[in-house]
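Enquirer:
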Amino acid sequence: APEQDEAAPDPAPRSSTPPPQLDAALLQSLVTKGDKDTLVPYLQPIVSLADGSLRGAEVLARLRLPDGSMLDASNFIALAENQDLLYSITESLFRTVVAHRTRLSALNFDFLAVNLSAGCLRDQRTISLVRALISTLNTLCEVQVEITETAVSRSPQQIQSLAARLKLAGTRLVIDDFGTGYSSMRALAELPFEILKIDLSFVSEMFDSPKSLQLLRAIIGFGRNLDLQLVAEGVETEAQREVLVSEGVPLAQGYLFGEPMPISRFIQRFSNDPLQ
Ligand code: C2E
Ligand code: CA
Ligand code: CA
Ligand code: CA
Numbered sequence: 131a132p133e134q135d136e137a138a139p140d141p142a143p144r145s146s147t148p149p150p151q152l153d154a155a156l157l158q159s160l161v162t163k164g165d166k167d168t169l170v171p172y173l174q175p176i177v178s179l180a181d182g183s184l185r186g187a188e189v190l191a192r193l194r195l196p197d198g199s200m201l202d203a204s205n206f207i208a209l210a211e212n213q214d215l216l217y218s219i220t221e222s223l224f225r226t227v228v229a230h231r232t233r234l235s236a237l238n239f240d241f242l243a244v245n246l247s248a249g250c251l252r253d254q255r256t257i258s259l260v261r262a263l264i265s266t267l268n269t270l271c272e273v274q275v276e277i278t279e280t281a282v283s284r285s286p287q288q289i290q291s292l293a294a295r296l297k298l299a300g301t302r303l304v305i306d307d308f309g310t311g312y313s314s315m316r317a318l319a320e321l322p323f324e325i326l327k328i329d330l331s332f333v334s335e336m337f338d339s340p341k342s343l344q345l346l347r348a349i350i351g352f353g354r355n356l357d358l359q360l361v362a363e364g365v366e367t368e369a370q371r372e373v374l375v376s377e378g379v380p381l382a383q384g385y386l387f388g389e390p391m392p393i394s395r396f397i398q399r400f401s402n403d404p405l406q
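See below:
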C-alpha cells in the first residue's frame, strides 16, 4: 500500500481524551476507598485444546479509573505490588467473585485460577483468604493458585513453605509464566506444583525459527517429565493451536478462545456454549 501523507493527522483517534494516567497516589486512593466497582475481576476462559470446550477460567484484575475507563492488569499490578496494595486488591477481587457464586453455578467448569503475587503471599492473611474462597466455591469448582516462576526464583525457600500450606488448604498450584524466570530445575521439582503454564512468549514465537519451536518442545517435555498438567497461554491463531494439539498440550487460553471479560459476560457466553 502507498504511504500515507506523513503530515496528515491520525485518521481515527480512538478517543478525544488523553490516555489514562495512573500514579501511585491515585492508585493508593482508589484501592483504599474500596468502592466495589473499582477493582473488577475479569474472567478468561481456559479450554480443552482438542474441542474448545470450557474447562476453567483465570481471574484477571481490571481497574476502573475515575473517568470510567478500564485499565488492564499489566498497567497497574507492578505499581500496586511496589506499594504493598496486592493484599487489598486480592481481597476485593475475591469478594466480587464470591458475590457471583450463584450465577457462576450455571456454568459447567472445573476450576478457577487466581494469581497471587510475592507480596501478597508474604501477607499472613492470604492463606485464610484463599481458604475462604475455596470453602465458598467448594461445590462449584476447584481453586488453583498461580505463582509466577519469577516469584519462585526470587525466594524459593519462602515460596516452598507457602506453597505447601496452600496445597494443604486444598488448592492446586500453577507455576505461571514458565520459562521466563530463573529458578533451578531442582527447586521447581521440589515444589508442590501440579500445573505448568507455558508463558505466552513461547507460543507467540513458535514459528519465528526452528530454535523457538525446539524451545517450546523442551518446555513441554520438562513439564511432562515432571508429571505436570500443561496449559498454554496466549494462543491467538489456529496454526498455534494445531502445533500445541500435536505436541499433546491439553489446555489453553488466549484470544482465539476468548479474551478476559466481565463475569456477567462470561456467564452469558459460556452458559450458551453448545460444547457444554
Ligand atoms: P498473566 O497471569 O500471565 O495473565 C495473562 C495475561 O495475558 C493477561 O494480561 C491477559 O489479558 C493476557 N492475554 C490473554 N490472552 C492473550 C492472548 O491471546 N494474547 C496476548 N498477547 N495476551 C493475552 P493482563 O490481564 O493485563 O494481566 C497481566 C499480568 O498481571 C498477569 O499476567 C498477572 O501476572 C498479573 N495479574 C493480573 N491479575 C492479577 C491479580 O488479580 N493478582 C495478581 N497478583 N496479579 C495479577
Ligand atoms: Ca496468571
Ligand atoms: Ca501467565
Ligand atoms: Ca504473562
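Under full-length UniProt numbering, the first residue of the sequence shown carries the number 131, and numbering increases by one thereafter. Ideal Cβ positions, reconstructed from N, Cα and C, are used throughout, including at glycine.
1. Compare the beta carbon distance of Ala-345 and Phe-332 with 8 angstroms and say whether it is the shorter of the two.
2. For Glu-320, which residues from the same chain have a beta carbon less than 8 angstroms from its beta carbon, with the 5 sequence-adjacent residues on both sides left out?
3. Measuring CA to CA, which of Val-177, Leu-156 and Lys-166 is closest to Gln-213?
4. Considering only heavy atoms of ligand 6, does any lie closer than 7 angstroms to the CB of Asp-306?
5. Should Asp-357 be listed as close to ligand 3, given that the test is whether its C-beta is under 7 angstroms from any heavy atom?
6. Going by the CB atoms, is the gap between Ala-382 and Leu-179 shorter than 8 angstroms?
7. Taking three-plus beta-carbon pairs below 8 angstroms as touching, is the segment 226-240 in contact with the segment 193-204?
8. Just mark Phe-224 as buried or exposed, buried being the case when its beta carbon has 16 or more other beta carbons within 10 Å.
9. Determine the contact status of residue 465 and Leu-242, defining contact as a CB-CB distance below 8 angstroms.
10. So, with DSSP's three-state summary, where would you put Arg-255?
11. By Cβ distance, which residues of its chain are closer than 8 angstroms to Thr-367, with the 5 residues on each side in sequence left out?
12. At which residues does the alpha helix (DSSP H) containing Phe-400 begin and terminate?
13. Given Glu-136, which residues of its chain have a CB within under 7 angstroms of its CB, disregarding the five upstream and five downstream residues?
14. To the nearest angstrom, how far is it from the Cα of Gln-288 to the Cα of Glu-279?
15. I need the straight-line Cα distance from Asn-245 to Leu-343, nearest angstrom please.
16. Given this structure, state the Cα-to-Cα distance separating Phe-400 from Asp-329, to the nearest angstrom.
17. I need the residues with a C-beta less than 5 angstroms from some heavy atom of ligand 1; please give them in chain order.
18. Under a three-way DSSP split, which group does Tyr-385 fall into?
19. May I have the straight-line CA-CA distance separating Thr-301 from Val-273, to the nearest angstrom?
20. In chain order, what residues of the same chain lie with their CB nearer than 8 angstroms to the CB of Gly-164, ignoring the 5 residues before and after it?
21. Would you kindly work out how many angstroms separate the C-alpha atoms of Thr-168 and Leu-267, rounded to a whole number?
22. In angstroms with no decimal places, state the Cα-to-Cα distance between residue 73 and Arg-295.
23. What does a CB cutoff of less than 8 angstroms around Pro-149 pick up in its chain, not counting 5 residues either side in sequence?
24. DSSP three-state call for Tyr-172: helix, strand or coil?
Expert: Walking through what the data contain:
1. On the sequence shown, residue 345 is found 215 positions in, with the first residue counted as 1. On the sequence shown, residue 332 is found 202 positions in, with the first residue counted as 1. The sequence given here places Leu at residue 345; Ala does not occur at that position. The Cβ atoms of Leu-345 and Phe-332 lie closer than 8 angstroms to each other.
2. Here residue 320 refers to the residue found at position 190 when the sequence shown is read from its first residue. The answer, listed in chain order, is Gln-290.
3. The sequence position of residue 213 within the sequence shown is 83, counting from 1. Minimum Cα distance to Gln-213 is reached at Leu-156.
4. Looking for ligand 6 in the displayed structure turns up nothing; the ligands present are ligand 1, ligand 2, ligand 3 and ligand 4.
5. By one-based count along the sequence shown, residue 357 stands at place 227. Remark: the shortest separation between the CB of Asp-357 and any heavy atom of ligand 3 does not fall under 7 angstroms.
6. By one-based count along the sequence shown, residue 179 stands at place 49. By one-based count along the sequence shown, residue 382 stands at place 252. Yes, they are a contact pair.
7. Segments in contact, no.
8. The count along the sequence shown starts at 1 and reaches residue 224 at position 94. Buried, by the Cβ-count rule.
9. What the structure shows of the chain is the stretch from 131 to 406, and residue 465 is not part of that stretch, so it cannot be assessed.
10. For the purposes of this step, residue 255 is taken as the residue at position 125 of the sequence shown. Judged by DSSP in its simplified three-state form, Arg-255 adopts coil rather than helix or strand.
11. Translated into positions along the sequence shown, residue 367 becomes position 237. The residues Leu-386, in chain order, have a CB closer than 8 angstroms to that of Thr-367 in the same chain once the five nearest residues on each side in sequence are set aside.
12. In the sequence shown, the residue the question calls residue 400 occupies position 270. Start and end: 393-401.
13. Taking the first residue of the sequence shown as 1, we reach residue 136 at position 6. Confidence at Glu-136 is low in this model, with a pLDDT of 44, below 50, so the placement of that residue is unreliable and no value is reported for it.
14. Your numbering for residue 288 matches position 158 in the sequence shown. Your numbering for residue 279 matches position 149 in the sequence shown. Taking the straight line joining both Cα atoms gives about 13 angstroms.
15. As a first step, residue 245 is located in the sequence shown; it is residue number 115 there, counting from the start. As a first step, residue 343 is located in the sequence shown; it is residue number 213 there, counting from the start. Asn-245 and Leu-343 have their C-alpha atoms spaced approximately 27 angstroms apart.
16. Within the sequence shown, residue 400 is the residue found at index 270, counting from 1. Within the sequence shown, residue 329 is the residue found at index 199, counting from 1. Looking at the two C-alpha atoms, the distance is approximately 25 angstroms.
17. By the rule of a C-beta closer than 5 angstroms to any heavy atom of ligand 1, the residues picked out are Leu-190, Ala-191, Asp-202, Ala-203, Ser-204, Ile-207, Asn-245, Ser-247, Gly-364, Glu-366, Gly-384, Tyr-385 and Pro-390.
18. In the sequence shown, the residue the question calls residue 385 occupies position 255. Reduced to three states, the DSSP call for Tyr-385 is coil.
19. Locating residue 301 in the sequence shown gives position 171, counting from the first residue. Locating residue 273 in the sequence shown gives position 143, counting from the first residue. Annotation: Thr-301 to Val-273 spans about 5 angstroms, alpha carbon to alpha carbon.
20. Position 34 of the sequence shown, counting from 1, holds the residue named residue 164. Counting only residues of its own chain and dropping the five nearest sequence neighbours on each side, Gly-164 has a CB closer than 8 angstroms to the CB of Ser-218 and Ser-222.
21. For the purposes of this step, residue 168 is identified with residue 38 of the sequence shown, where counting begins at 1. For the purposes of this step, residue 267 is identified with residue 137 of the sequence shown, where counting begins at 1. Distance between the alpha carbons of Thr-168 and Leu-267: 23 angstroms.
22. The chain is shown only over 131 to 406; residue 73 falls outside these bounds and no answer can be derived.
23. One-based indexing of the sequence shown puts residue 149 at position 19. Unreliable placement is indicated for Pro-149, whose pLDDT of 45 sits below 50; no coordinate value is reported for it.
24. In the sequence shown, residue 172 corresponds to position 42, counting from 1. Tyr-172: strand per DSSP, three-state reduction.
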